[in-house]
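Read the structure below first, then the notes.
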Amino acid sequence: MDKPTKDNTENKASLNFLEQIIENDLKTDKHQGKVLTRFPPEPNGYLHIGHAKSICLNFGLAQKYNGKTNLRFDDTNPTKESTEYVDAIKEDVKWLGFQWEEPVMYASDYFEKLYEFAVYLIKKGKAFVCEMSAEEMSKGRGTPQTPGVLSPWRDRSVEENLELFEKMRKGEFKEGAKVLRAKIDMTSPNMHMRDPVMYRIMHAHHHRTGDKWCIYPTYDWAHGQSDYIEGITHSICTLEFEVHRPLYEWFLDNLDITEDRPRQYEFARLNLSYTVMSKRKLLQLVEENHVNGWDDPRMPTVSGMRRRGYTPSAIRAFADRVGVAKRNNVIELSLLEYFIREELNKKASRVMTVLNPVKLIIDNYPDNKSEQLPVKVNPEDPESCYKMVAFSKELYIEREDFMEDPPKKYFRLSPGKEVRLKYAYIIRCDSVEKDDQGNITEIHCTYFPETKSGLPSDKKVKGTLHWVSISHAEEVEVRLYDRLFTEPQPENTEKDFKEFLNPDSLKVVTGYTEPVVIGVRPGKSFQFERLGYFVVDPDSTDEKMVFNRTVTLRDSWAKIEKNNQ
RNA sequence: UGACCGAUGGUGUAACGGUAGCACUGCAGAUUUUGGUUCUGCCUGUCCAGGUUCGAAUCCUGGUCGGUCAACCA
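In terms of my numbering, the first sequence opens at residue 114 and continues consecutively.
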């Protein structure tokens with residue numbers, strides 16, 4: 114942790130483009146040394162790993178340059194937003210480990226101010242009330258290649274506009290009857306400059322302002338002005354807003370804001386392989402029950418990843434490594450997995466759990482005997498304490514750890530071969546018993562007492578297996594999660610992304626494990642030895658513990674097997 | 001077909017006119033009572049064509065490819 118890395122000693126040389134901008138602004142004293150960023154979610158869905166990148170970026174930049182970050186809900190569309198999402202978003206940001214400037218901000222806090230700003234523009238002749246229908250307006254706007262046409266209402270007098278706008282606010286018009294538009298340039302090659310809508314009439318109940326308003330500002334109108342009101346210095350958003358920037362600037366210009374102007378910067382959003390990132394598609398997965406809710410451990414949502422067993426620090430390290438740039442990217446899932454393995458390898462207690470059991474009987478071990486073997490809770494942790502693991506004559510091992518007719522390089526158990534039972538003894542397989550279908554029901558072995566763990570012994574074996582003592586084992590439910598899609602980029606093919614849903618993304622099995630895990634609180638992570646990292650799920654009850662597989666261990670044997678095929 | 005943005009190994013990201021580096025992945029080996037971890041080594045890259053320059057990933061021109069933009073969504 115403390116050892117200086119190249120990055121730390123030479124960080125000057127590896128600033129991302131936003132850090133360069135900020136350092137330059139600091140040098141030129143552009144904002145009097147101030148850095149104020151903001152994270153501006155719309156409360157209409159849950160946060161996902163892409164948002165996490167943005168959160169780490171905005172809060173991280175502020176931390177690095179002694180600044181602050183606002184959490185601002187962009188709540189300008191009452192029909193889509195709710196407090197359920199507000200609460201979930203706050204929880205996720207906090208969980209990720211970030212502290213916003215109190216109080217939490219809302220664009221809806223600025224509705225009155227925004228209204229005044231709009232009046233200012235109307236008075237300047239820079240905005241007008243338009244009565245075209247949505248369709249007419251859409252047609253009239255033209256296309257990126259062809260210019261739009263002027264609204265017939267564009268040249269109303271200032272007085273008339275003022276009066277109409279006030280009546281809009283008072284609720285004298287039906288929804289959709291009128292809008293307030295900025296008067297810019299219908300021939301601009303930038304569609305966003307073709308007299309964009311600033312206010313629309315919506316007779317809708319807002320989750321915070323209730324029924325006070327029936328006109329609501331659009332994103333473009335609300336966002337930049339909210340930035341200005343809060344004193345945001347660097348307004349960081351994703352690439353698709355690049356074409357909005359001229360409009361962002363136009364509003365500030367025409368409001369005659371010359372001091373303390375915020376500036377918008379755009380970066381490339383995060384994409385992750387084997388998943389989808391659009392809110393719409395994630396919502397679809399939830400609504401069509403392809404997953405069990407927003408916090409399903411297969412979802413790339415922050416709440417899903419939390420339930421999956423990902424930790425805030427692993428997500429932060431990931432966001433940091435992924436970098437910030439302006440080019441489109443797809444990050445390999447293996448990078449995310451790398452960071453959670455790295456963290457859990459150091460922190461997770463080890464426990465032996467058998468997920469696909471086959472009975473192993475040690476014929477020369479006394480019938481009623483059992484031993485308590487001392488085992489280090491985490492060999493990677495020098496401070497780690499010891500626990501006791503029960504050993505007896507009848508055990509479970511994994512079916513995959515035994516083969517009657519093994520291929521070369523198979524280090525596990527097979528007839529006549531010897532392996533070590535981890536923390537216990539070396540055993541030799543003598544015979545197997547099968548049922549009518551030829552399935553192995555029992556594996557009979559001999560153990561060598563002099564090879565007990567900790568005793569000096571010359572006997573060497575290639576393989577070490579995990580196991581549980583049947584009479585001491587506890588049954589738990591284990592949910593084996595895998596990637597949600599079978600396709601690296603499910604959104605980038607001609608087919609519907611749902612065709613690539615992985616049918617094996619969840620398998621539920623019964624596991625046999627050590628009693629030490631029973632009663633542990635949800636959210637606690639373990640390494641099931643030789644299998645992977647697992648976390649206690651909130652579905653756990655006194656009767657049955659539930660574990661989610663966060664990620665498997667790296668498995669070089671699986672690779673060898675695969676390559677042999 | 002218009003405007004804007006972008007292009008460095010398989011993936012992501014540095015190098016700011018002077019030795020193309022880092023991480024992940026992959027491969028090979030060492031260590032190992034987890035086929036884990038750790039350690040060592042290796043493979044693979046500047047979209048193309050011109051130009052400027054002693055010198056170009058970097059600057060200029062043209063092309064190619066990719067992305068974004070035509071909600072009263074954000």
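For glycine and all other residues, C-beta sits at the position ideal for the given N, C-alpha and C. Just so you know, these numbers come straight off a predicted model, no measurement behind them.
Under DSSP, LEU486 forms a beta bridge with VAL502. Burial is judged here by how many other beta carbons sit within 10 angstroms of a residue's own beta carbon; ASN137 has fewer than 16 and is exposed. Taking the Cβ atoms as the reference, VAL502 lies roughly 5 Å from VAL488, within the contact range of under 8 Å. For the pair of segments examined, the segment 602 to 614 was found not to touch the segment 630 to 642: the number of CB pairs separated by less than 8 Å stays below three. Per DSSP, the continuous alpha helix (DSSP H) segment holding HIS336 begins and ends at 332 to 343.
Within 10 angstroms of the beta-carbon of THR346 lie 16 or more other beta-carbons, which makes it buried.
Pairing GLY253 with ALA240, the inter-Cα distance amounts to about 17 Å.
For TYR423, there is no enclosing alpha helix (DSSP H), since its DSSP letter is neither H nor E.
Separation of VAL356 and PRO302 (C-alpha to C-alpha, rounded to the nearest whole angstrom) is 10 Å. Under the Cβ criterion (8 Å, minimum of three pairs), the segment 273 to 286 counts as touching the segment 219 to 236. At a cut-off of 3 residues, the continuous stretches assigned as beta strand (DSSP E) that sit fully inside the segment 561 to 625 are 587 to 594.
A residue is called buried when at least 16 other Cβ atoms come within 10 angstroms of its Cβ; PRO562 does not meet this threshold and is exposed. Apart from sequence neighbours up to five positions away, the residues of its chain that approach VAL648 with a beta-carbon distance below 6 Å are GLY422, SER638, ASN661 and THR663, ordered along the chain. By the Cβ-count criterion, ILE673 is exposed, with fewer than 16 other Cβ atoms from all chains shown falling within 10 Å of its own Cβ. Taking 8 Å as the cut-off, the beta carbon of SER348 is found no closer than this to the beta carbon of ARG185.
When the beta-carbon positions are compared, PRO265 and MET304 stay at least 8 Å from each other. Partner residues in a beta bridge of PHE286, as assigned by DSSP, do not exist.
Residue environment: ASP650 is assigned as buried (16 or more neighbouring CB atoms within 10 Å of its CB, all protein chains considered). Inclusion of THR424 and ILE444 in the CB contact set at 8 Å is not warranted, their separation being larger than that value. In the structure shown, GLY323 adopts extended strand secondary structure according to DSSP, grouped into three states.
In this structure, MET465 sits near GLU642, with a CB-CB distance shorter than 8 Å. According to the DSSP assignment, GLU249 belongs to the alpha helix (DSSP H) that extends over 247 to 253. Leaving aside the five residues that flank GLU288 on each side, the residues in its chain whose CB is nearer than 7 Å to its CB run, in chain order, ILE314, MET315 and HIS316. GLU455: not part of any beta strand (DSSP E); member of the alpha helix (DSSP H) spanning 446 to 460, first to last residue.
Straight-line measurement puts the Cα of LYS236 at about 10 Å from the Cα of GLU273. The continuous beta strand (DSSP E) containing TYR378 extends over residues 376 to 380. Here the alpha carbon of MET218 sits roughly 16 Å from the alpha carbon of PRO330. The Cβ atoms of SER582 and LEU508 sit closer than 8 Å to each other.
Taken atom to atom, the span from the alpha-carbon of TYR312 to that of GLU215 is near 29 Å. Less than 8 Å divides the Cβ of GLU493 from the Cβ of ASN458.
Between PHE172 and TYR387, the gap from beta carbon to beta carbon reaches 8 Å or more. The C-beta distance from GLU194 to HIS336 rounds to 15 Å, too long to fall under 8 Å, and the pair is not in contact. Counting along the chain, the unbroken alpha helix (DSSP H) around TYR198 starts and ends at 196 to 208. Looking at PRO528, PHE504, TRP363 and ARG512, the one whose alpha-carbon comes closest to that of PRO479 is PHE504. Three or more beta-carbon pairs drawn from the segment 197 to 212 and the segment 155 to 163 are found closer than 8 Å, and the two stretches are therefore classed as touching. Secondary structure of ASP518 (DSSP, three-state): coil.
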